[in-house]
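Have a look at the structure below, then the notes.
In the numbering used here, the protein residues as written are 3 to 308.
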């Protein structure tokens with residue numbers, strides 16, 4: 003009888019412990035917010051050494067301030083390990099929602115899943131995450147933007163023009179999508195001499211372009227996956243005394259100035275401030291328990307001197 007009673011007590015403790023654990027997990031679920039006052043928004047940016055992402059951050063902070071939200075921003079400095087660590091810190095700060103601009107769409111998955119386990123909703127910006135639960139992904143239509151760039155080059159130079167592609171960070175969704183859009187047109191109507199990564203960086207864009215110019219003498223145009231690489235390529239082309247059309251992507255301030263003075267022929271302009279504002283608006287809806295679209299596209303446009 004004593005053995006039976008002891009066994010019953012042990013089983014009761016196990017059941018109680020399980021219920022306690024389940025209750026603790028459920029407490030991680032964020033409550034629906036009626037007001038945005040004092041809501042804590044955690045923001046992880048891939049790098050603030052890029053005008054586009056600075057503008058994106060500014061858009062987030064401006065809209066969040068207008069709604070009474072508090073914002074905590076961490077800069078990954080284009081380092082995936084640093085970004086994961088930064089997101090973990092934001093989770094420990096018990097932020098109400100996370101806005102993440104991934105350095106690498108695959109590598110960021112573990113951090114997104116950590117936020118999921120903590121019951122913190124995640125919104126991705128400009129680049130998405132390959133795994134984990136995402137409330138919505140906010141970005142320009144990168145595929146359409148790549149197509150726009152290729153169509154512009156065909157219009158300016160004709161079919162079979164010899165072009166070079168400067169790719170962004172390997173593994174980033176923006177790199178894949180802009181490249182896909184570009185090749186949708188270029189593989190049929192242009193002659194792509196080479197595609198090489200310069201990791202969205204101006205200095206690397208300069209160095210990679212210098213090397214390409216030494217090996218290929220008949221380049222007519224360059225499409226860069228962002229303006230920073232495009233501006234680096236422009237410097238290399240100028241130094242080499244070549245006449246090559248360069249098209250960038252983003253529409254950052256330096257690029258728009260370069261288009262105006264004729265150094266850069268065109269840029270597929272995003273609206274980073276608007277992307278940031280849309281991210282905060284989506285965050286408000288999520289926190290209020292409202293439904294949001296799985297993808298929110300922000301308009302882009304081709305900017306030329308004309």
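Built from N, CA and C at the ideal position, the CB exists for glycine as well.
(message) Quick check for students: name the residue ranges of the beta strand (DSSP E) that lie wholly in the segment 40–120, counting only runs of 3 or more.
(response) The segment 40–120 is shown to contain whole beta strand (DSSP E) runs of 3 or more residues at 42–47, 72–77, 99–102, in chain order.
(request) Would you check if the distance between the CB atom of residue 149 and the CB atom of residue 183 is smaller than 8 Å? (result) Position 147 of the chain shown, counted from the start, is the residue given in the question as residue 149. Position 181 of the chain shown, counted from the start, is the residue given in the question as residue 183. Remark: C-beta atoms of residue 149 and residue 183 approach each other more closely than 8 Å.
(request) Tell me residue 234's beta-bridge partners as DSSP assigns them. (result) Position 232 of the chain shown holds residue 234. Residue pairing by DSSP places residue 234 opposite no residue, since no beta bridge is assigned to it.
(request) At 3 residues or longer, and completely inside the segment 181–210: list those beta strand (DSSP E) runs for me, N to C. (result) Runs of the beta strand (DSSP E) spanning 3 or more residues and lying entirely within the segment 181–210 occur at 192–199, in chain order.
(message) Just to confirm before moving on: does the CB-CB distance between residue 232 and residue 212 stay below 8 Å?
(response) Taking the first residue of the chain shown as position 1, residue 232 is located at position 230. Taking the first residue of the chain shown as position 1, residue 212 is located at position 210. No. Outside cutoff.
(request) For residue 226, write down the residues that DSSP places opposite it in a beta bridge. (result) Locating residue 226 in the chain shown gives position 224, counting from the first residue. Paired residue(s): 168.
(message) Can you give me the C-alpha to C-alpha distance between residue 307 and residue 267, rounded to a whole angstrom?
(response) The count along the chain shown starts at 1 and reaches residue 307 at position 305. The count along the chain shown starts at 1 and reaches residue 267 at position 265. Looking at the backbone, the Cα of residue 307 and that of residue 267 are separated by about 7 Å.
(request) Identify the continuous beta strand (DSSP E) that holds residue 268 and give its terminal residues. (result) Here residue 268 refers to the residue found at position 266 when the chain shown is read from its first residue. Unbroken beta strand (DSSP E) run through residue 268: 268–271.
(request) Within 10 angstroms of the Cβ of residue 101, are there 16 or more other Cβ atoms? Answer buried if so, exposed if not. (result) Against the chain shown, residue 101 aligns to sequence position 99. So residue 101 ends up on the buried side.
(request) Check whether the segment 153–169 touches the segment 221–231, taking contact to mean three or more Cβ pairs, one atom from each stretch, closer than 8 Å. (result) Counting Cβ pairs under 8 Å, three or more are found: they touch.
(request) Could you tell me if residue 114 is buried or exposed, where buried requires 16 or more neighbouring beta carbons within 10 angstroms of its beta carbon? (result) Translated into the one-based positions of the chain shown, residue 114 becomes position 112. With a threshold of 16 other beta carbon atoms within 10 Å, residue 114 meets it and is buried.
(message) Applying the 10 Å Cβ sphere with the 16-neighbour rule, what's the burial state of residue 103?
(response) Along the chain shown, read from residue 1 onward, the residue named residue 103 stands at position 101. By the neighbour-count rule (16 or more Cβ atoms within 10 Å), residue 103 is buried.
(request) Within its chain, find whatever has a CB closer than 8 Å to the CB of residue 1; leave out the 5 residues flanking it on each side and keep chain order. (result) Examination of residue 1 is not possible in this model, given that the chain is present from 3 through 308 alone.
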